[in-house]
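Enquirer: In the working numbering, the protein residues as written are 297 to 429.
The structure under discussion is supplied below as structure tokens; questions concerning it will follow.
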């Protein structure tokens, strides 16, 4: 875990962000993974409910989107940043195989054991900031 000020410092030197699921077990194999850039979608300042935001790559349960939009939520004092893959309405529509109101990459109110971040009690979600080399 990092403090907000440390995250803001890292972000100031970063162009991109990504989220992985259970990295210690799977590494980066691009399944249950999302990557975007701060220019198109600043995850540190975003507030909204069901807003289509640009991502460079997203994979949820094997559904893949490249340079597309996905539906995101983050509401102050209500929920943290996440995708609800049970909802359609953006370019990326991973509803096949989703659980009702399934939450992905955070705020796991509704989970799906077929999504690596919520597969079992040892599942984890990692958020990363950085850039292309």
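Note that CB positions come from ideal geometry on N, CA and C, so glycine has one too.
Residue range of the beta strand (DSSP E) that residue 339 falls in?
Expert: Careful: residue 339 lies outside any beta strand (DSSP E) and carries neither H nor E.
Enquirer: The beta strand (DSSP E) spanning residue 319 covers which residue range?
Expert: Run containing residue 319: none in the beta strand (DSSP E); it sits in the alpha helix (DSSP H), 319-322.
Enquirer: Could you check which residue in 348, 306 and 399 has the C-alpha nearest to that of residue 385?
Expert: That would be 348, whose Cα lies nearest to the Cα of residue 385.
Enquirer: Is it right to say residue 330 is buried, meaning 16 or more other beta carbons lie within 10 angstroms of its own, or is it exposed?
Expert: Buried, since its Cβ has 16 or more Cβ neighbours within 10 Å.
Enquirer: Which class does residue 349 belong to by DSSP, given the choice of helix, strand or coil?
Expert: Strand.
Enquirer: Short of 8 Å in beta carbon distance, which residues of its chain neighbour residue 398, apart from the five on each side in sequence? Order them along the chain.
Expert: The answer, listed in chain order, is 380, 381, 382, 406, 407, 408 and 411.
Enquirer: Can you tell me whether DSSP reads residue 371 as helix, strand or coil?
Expert: The answer is strand: DSSP assigns residue 371 an E or B state.
Enquirer: Suppose the cutoff is 6 Å on Cβ atoms and the five residues either side in sequence are ignored; what does the same chain contact list for residue 306 look like?
Expert: Excluding sequence neighbours, residue 306 sits near 425.
Enquirer: With DSSP as the reference, please indicate the residues paired to residue 359 in a beta bridge.
Expert: Answer is 356, bridged to residue 359.
Enquirer: Would you list the one or two residues that DSSP bridges to residue 365?
Expert: Per DSSP, 350.
Enquirer: Classify residue 339: buried if its beta carbon has 16 or more other beta carbons within 10 angstroms, exposed otherwise.
Expert: Buried.
Enquirer: Please report the straight-line C-alpha distance between residue 396 and residue 371, rounded to a whole angstrom.
Expert: Taking the straight line from one Cα to the other gives about 20 Å.
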